[in-house]
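Structure, as structure tokens:
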Amino acid sequence: MGFWLELAASGLITGGIYAVVAIGLNLQYGLMRIMNISHGEFLMLGAYLTWLAHTTLKINPILLLPVVAIAMFLLGVVVYRLCFRRIARAAPTVEVIEARSLLVGFGLMFLVQNTVNLIWGADLRGYSFMAEPVDIGGARFMANRLLVFGFAVAASLGLLALLRWTMIGKAVRAMMQSPTGAQLVGVDTGTLHPVVFGAGLALAGVAGGLLSMVYEISPSMGEPYTVTALIVITLGGLGSAIGSLLGGFLLGLVEAFGMHFTNPSLKMVLSYGVLVAVLVARPKGLFAR
Amino acid sequence: MNRSTPIRGIAVALTAAAVLAPAMPASAQDIRIGYAIARSGPWAVGAQVTQEPNYVMWAEQVNAAGGLNVGGKKRKVELVAYDDRSNMETVVRTYEKLMTSDKVDLILPPWGTGANFAIMPLAAKHGYPMLSCTAAGRKLIGMKNPYFFALLQQPDVIMDALAEYMVARKVKTAAVIHVDELFGLEMYTGLEASMKRKGIQIVEKKSYPLGIKDLSPVLKGMQAKKPDAFIGLTYPPGTFLSTGQSKAIGFSPKIFYLAVATAFPVYRDKMTPATVEGVMGIGSWNPKTGAEAKAYFDAHVKRWKKEPDRWASAHCWAGLQILQAAVEKVGLDRKKIRDYIAGTEHATIIGKMRFKGSENVSTPGVVSQWQNGEFEVVWPPQRATSAALFPKPDWK
């Protein structure tokens, strides 16, 4: 593989990591307008659950991902019931949902972070998994990063198909466009809302589990991921599954090439530069309809 | 697996103290020692490995022996501790409170170069000696603050040791990355001067921000230039990232050197001992450097169920040893304690230590290297616990 192709591939793989981080929040904020600012904390919780089960029970972390997903889904339904149901019901407009859920999200952020801190301490943790180089056409990539990339593509396409071609997907989209209208045509919003929120948390947890294979983990790891996720879903267009994936890829590519030609210290300038440029050209994001 | 952690231990210790308080009232005779440190937020990773476990263990050991001997009378130590939440403002406000409102007898320093720098003026204003074990930088030494003592080796000293090792191995070229923080900049300034003096060419230099998730474009560029040495003046995330990604692309120069967290046991555990074999970094000590160091290591593992790091942890313990000796020698008069620290050659677990101004001028720069799961001291030769692996073996 030529140097440029290799650079592009490494950009795409990093972009896949960004997309994985964003998928869960895209469901919650993109589709339901619940600004779950504690997204990164639930990702961190998923990472800790995977780490804990892998290091104590010696279970293959890939096999743990469905377990983490189910546990986080159930937690999501409970969190929704306790924190967000009233907000979603009582708020007169989606703007009010955004504002109120943001405040609740901040509270959850501190709660989850400090709970993990109390249980496992502030130390860095980690384990080695699939940390072997894989040769693809002469270029070498870490196997665990390729796994994250594969999951990003599969999950994004799966979500796209679900939202576009199934009744559930149509119901979710209808609920977002007009909650009252959706109820009138028989969509059970009372069930669908917590389920979509729970699915968002499940995806955050799986993303955390995947990232724990690649990076070291600590209770404070979540916040930067929330910011990344917000940039990616804004870039791709709120609620667009394919937008998140391509938004992540775009960021990854710009950073890889930008870092090669300039300096990694300019990473933030490059990422925000792309975001500003896209928002100027298409204020609702790349794939918003 | 035992999941006892410092935070939990500290919480239990503090709760126990609170519960026992009515039975054993905190005597007016107790020596109150205050500090603010990160138990949450991004600094906690370093602070809870290197610093606070040592503070708590020291206080427990002192109290188990009956307390500190002040003017012939044993007095127990009471720690007055706050979480600074990795927030600079909180650090400054908390130390101000400790010094003016809580009126503690002594203070212990916060974590990190920036936080120590921020409270230096307070220490001078209120006359509290600071024995800082996680602050490095000529800027801090240059402030000529009479109450500030830096226990770590300074960046130029650390980098000189590396340069000397490189010259001894006839290394001619190096590629360098550094983190865009005060630490990385200070270290790079030191490195650049050392390399120039020793005639080693820096073929490429790049800086990177703390939150970076991919360094492979940079590492590939450096690999193409075939340097003899790769030097990463990194913080923990960059240390892990550049190790993993260099392994992925097969970038294995003769010397592979990284900075903060290379000496952390979790670095070896996360990356695996086979992977880190031959990786070099900043160190000072390990359980083999002396009987006292071994005793400290064993006590730490017993108390916290985890190993101390092989660089600043021992400097932190040395600071506590110095403070203890000072109090037992001159009492609790802080001016006298300061004068004692400044004018004495101290015996510590990392060897004799003497200060010139704020600088520890006794502890030399040390290069350490992971070999079979231990961070062996390999340079300077008179301190070495093992011969260096050179060139670094290929990644496994």
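Sequence order for the protein chains is A and B.
Just so it is clear: in the first sequence, position 147 is 147 by the numbering used here, and no numbers are missing.
Converting from the second sequence to the numbering used here requires adding 1000 to each position, the first position being numbered 1.
Positions of the beta carbon are idealized from the N, C-alpha and C atoms, including for glycine.
Nearest residue (CA-CA) to residue i, options the options
i                  : options                                       : result
Ala1124 of chain B : B:Asp1105, B:Val1104 and B:Tyr1147            : B:Tyr1147
Pro1042 of chain B : A:Val94, A:Leu43 and A:Met221                 : A:Met221
Tyr1208 of chain B : A:Ser265, A:Ala281, A:Met72 and A:Ile87       : A:Ser265
Val1368 of chain B : B:Gly1190, B:Asp1309 and B:Trp1304            : Note that residue 1368 of chain B is Ser in the sequence shown here, rather than Val. Here the closest residue by C-alpha is B:Asp1309.
Thr1048 of chain B : B:Gly1365, B:Phe1264 and B:Phe1251            : For the record, residue 1048 of chain B in the displayed sequence is Gln; it is not Thr. Checking every option, the nearest Cα to that of Gln1048 of chain B belongs to B:Phe1264.
Asp123 of chain A  : B:Lys1103, B:Leu1131 and B:Pro1237            : B:Pro1237
Arg1334 of chain B : B:Leu1108, B:Lys1302 and B:Pro1155            : B:Leu1108
Glu1181 of chain B : B:Leu1233, B:Met1222, B:Tyr1267 and B:Ala1193 : B:Leu1233
Trp4 of chain A    : A:Pro224, A:Lys170 and A:His260               : A:His260
Lys1254 of chain B : B:Phe1117, B:Ala1388, B:Ala1261 and B:Met1057 : B:Ala1388
Lys1074 of chain B : B:Val1327, B:Glu1374, B:Lys1352 and B:Ser1362 : B:Val1327
Glu6 of chain A    : A:Ala139, A:Ile37 and A:Phe84                 : A:Ala139
Gly1283 of chain B : B:Asp1269, B:Lys1198, B:His1346 and B:Thr1134 : B:Thr1134
Ala9 of chain A    : A:Glu255, A:Gly208, A:Val112 and A:Leu75      : A:Glu255
Gly1211 of chain B : B:Pro1217, B:Gly1343, B:Val1179 and B:Ala1118 : B:Val1179
Pro224 of chain A  : A:Leu27, A:Phe42 and A:Ile34                  : A:Phe42
Gln28 of chain A   : A:Pro133, A:Ala202, A:Leu246 and A:Asp188     : A:Ala202
Cys83 of chain A   : A:Phe129, A:Leu111, A:Met175 and A:Leu63      : A:Leu111
Pro61 of chain A   : A:Arg164, A:Leu118, A:Ala131 and A:Lys267     : A:Ala131
Ala1318 of chain B : B:Glu1164, B:Met1130 and B:Glu1186            : B:Met1130
Arg282 of chain A  : A:Ala71, A:Tyr272 and A:Gly237                : A:Gly237
Euclidean distance between Cα positions of residue i and residue j
i                  : j                  : result
Phe149 of chain A  : Thr14 of chain A   : 8 Å
Gln1245 of chain B : Thr55 of chain A   : 23 Å
Val1092 of chain B : Ala1229 of chain B : 40 Å
Pro1025 of chain B : Val214 of chain A  : Reliability of the predicted coordinates at Pro1025 of chain B is poor, the pLDDT of 44 falling under 50, and the value obtained from them is presented with this limitation in mind. The straight-line gap from Cα to Cα measures roughly 50 Å.
Leu1332 of chain B : Met1099 of chain B : 14 Å
Asp1030 of chain B : Val116 of chain A  : 34 Å
Ala229 of chain A  : Phe151 of chain A  : 16 Å
Met32 of chain A   : Phe1390 of chain B : 58 Å
Lys1196 of chain B : Ile1158 of chain B : 15 Å
Leu12 of chain A   : Ala1312 of chain B : 38 Å
His980 of chain B  : Ile97 of chain A   : With chain B running from 1001 to 1396 in the structure shown, residue 980 of chain B is simply not present.
Val196 of chain A  : Pro92 of chain A   : 20 Å
Ser1086 of chain B : Lys1198 of chain B : 39 Å
Lys1076 of chain B : Thr1050 of chain B : 24 Å
Phe1149 of chain B : Val1167 of chain B : 31 Å
Met1057 of chain B : His1315 of chain B : 15 Å
Phe257 of chain A  : Leu275 of chain A  : 16 Å
Ala1101 of chain B : His1126 of chain B : Residue identity differs from the one stated: residue 1101 of chain B is Ser in this sequence, not Ala. Between Ser1101 of chain B and His1126 of chain B, the C-alpha separation is close to 12 Å.
Lys1294 of chain B : Trp1285 of chain B : 10 Å
Nonlocal neighbours in the same chain, by C-beta distance under 6 Å from residue i, ignoring five residues either side
i                  : result
Ser240 of chain A  : Phe287
Phe1256 of chain B : Phe1230, Val1279 and Lys1392
Gly248 of chain A  : Gly15, Tyr18, Ala19 and Val232
Thr1090 of chain B : Asp1084
Asn1116 of chain B : Pro1109, Ser1132 and Ala1135
Ala1261 of chain B : Pro1236, Thr1239 and Tyr1267
Asp1156 of chain B : Gly1190
8 Å Cβ shell around residue i - same chain, five flanking residues per side excluded
i                  : result
Thr1289 of chain B : Ile1350, Val1377, Arg1383 and Thr1385
Leu1215 of chain B : Ile1177, Tyr1208, Gly1238, Leu1241, Ser1242 and Gln1245
Leu25 of chain A   : Asn36, His39, Gly200, Ala204, Thr226, Ala229, Leu230 and Ile233
Val77 of chain A   : Pro194, Val195, Phe197 and Gly198
Phe1355 of chain B : Phe1149, Ile1341, Ala1342 and Val1361
Val1045 of chain B : Pro1236
Lys1396 of chain B : Ala1274, Thr1275 and Glu1277
Val172 of chain A  : Leu31, Leu163, Leu192 and Val196
Other residues of its chain near residue i: CB distance less than 7 Å, five sequence neighbours each side excluded
i                  : result
Val1330 of chain B : Lys1336, Ile1337 and Tyr1340
Ile242 of chain A  : Ser156, Leu160 and Phe287
Lys1172 of chain B : Ile1200, Gln1201 and Asp1228
Ala1021 of chain B : Any reading at Ala1021 of chain B must be qualified, since the residue scores a pLDDT of 41, below 50, and its modelled position is unreliable; no value is offered.
Tyr48 of chain A   : Val116, Trp120 and Ile217
Gly1373 of chain B : Arg1268 and Pro1273
Val187 of chain A  : Ala171, Ala174 and Met175
Rounded Cβ spacing between residue i and residue j (contact assumed at less than 8 Å)
i                  : j                  : result
Leu1258 of chain B : Thr1272 of chain B : In fact, because the Cβ distance is near 16 Å, the residues do not count as touching under 8 Å.
Ile1033 of chain B : Leu1106 of chain B : 5 Å
Leu235 of chain A  : Val206 of chain A  : So it is not a contact: roughly 22 Å between Cβ atoms.
Ala22 of chain A   : Ser178 of chain A  : Their Cβ separation, rounded to whole angstroms, is 25 Å, which puts Ala22 of chain A and Ser178 of chain A out of contact at 8 Å.
Lys1270 of chain B : Gly107 of chain A  : Actually they are not in contact, since the Cβ atoms of Lys1270 of chain B and Gly107 of chain A sit about 32 Å apart, beyond 8 Å.
Quiz item: In chain order, which beta strand (DSSP E) runs of at least 3 residues are fully inside the region 1094 to 1146 of chain B?
Solution: 1130 to 1132
Quiz item: Which runs of the alpha helix (DSSP H) spanning at least 4 residues fall entirely within the region 1283 to 1357 of chain B, listed in chain order?
Solution: 1291 to 1304, 1312 to 1330 and 1334 to 1343
Quiz item: Residue ranges of each beta strand (DSSP E) run of no fewer than 3 residues wholly in the region 50 to 82 of chain A, ordered along the chain?
Solution: none
Practice problem: For the region 189 to 223 of chain A, list the alpha helix (DSSP H) runs that are entirely contained and at least 4 residues long, ordered along the chain. | Solution: DSSP assignment within the region 189 to 223 of chain A yields the following whole alpha helix (DSSP H) runs of 4 residues or more, N-terminal first: 189 to 214.
Exercise. Please specify which runs of the alpha helix (DSSP H), each continuous and at least 4 residues long, are wholly inside the region 1141 to 1200 of chain B, giving them in chain order.
Key: 1155 to 1168 and 1182 to 1198
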